[in-house]
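Asks:
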Amino acid sequence: MARSPSDRTDTLPTDPAPKKRGRPAAGEQAMTSAERQSRYRVARARAANSGADPSTFSDTALLDRIRMAISDGSSAKTAGRYVRELSRRYP
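The working numbering numbers the first residue of the sequence shown as 1 and each following residue consecutively.
1. Can you give me the C-alpha to C-alpha distance between Met31 and Thr60, rounded to a whole angstrom?
2. Are the beta-carbon atoms of Val83 and Ile66 separated by less than 8 Å?
3. Please list the terminal residues of the continuous alpha helix (DSSP H) segment that includes Tyr82.
4. Taking a contact to mean a Cβ-Cβ separation below 8 Å, would you say Glu85 touches Ser55 in this structure?
5. Taking Arg67 as part of the alpha helix (DSSP H), name the residues at either end of that continuous run.
6. Going by C-alpha to C-alpha distance, which of Ser87, Arg46, Ala43 and Tyr40 sits closest to Leu63?
Here it is, written out as structure tokens:
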């Protein structure tokens, strides 16, 4: 038997579209690989230039900082902070 139009269920009013899961979008459309890499480099440079506590750095980051301090001609005090932290970790 065919259904008549009166047998249909009325649609209920719905809430606005549910929120998407995950991190919110950084812009209106997806970033290109070049844009993503650029943001990554800027964030790394900003973190490297901050006066953060050396105890929070990984061993590799400490070695990189020592290398950069020596090659840039920074003060011995700057490189000494990183060397001191490595010597504290590995007595």
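Where is the CB? At the ideal position from N, CA and C, for every residue including glycine.
Replies: The answer reads as follows:
1. 29 Å
2. yes
3. Ala76 to Arg89
4. yes
5. Asp59 to Asp72
6. Ser87
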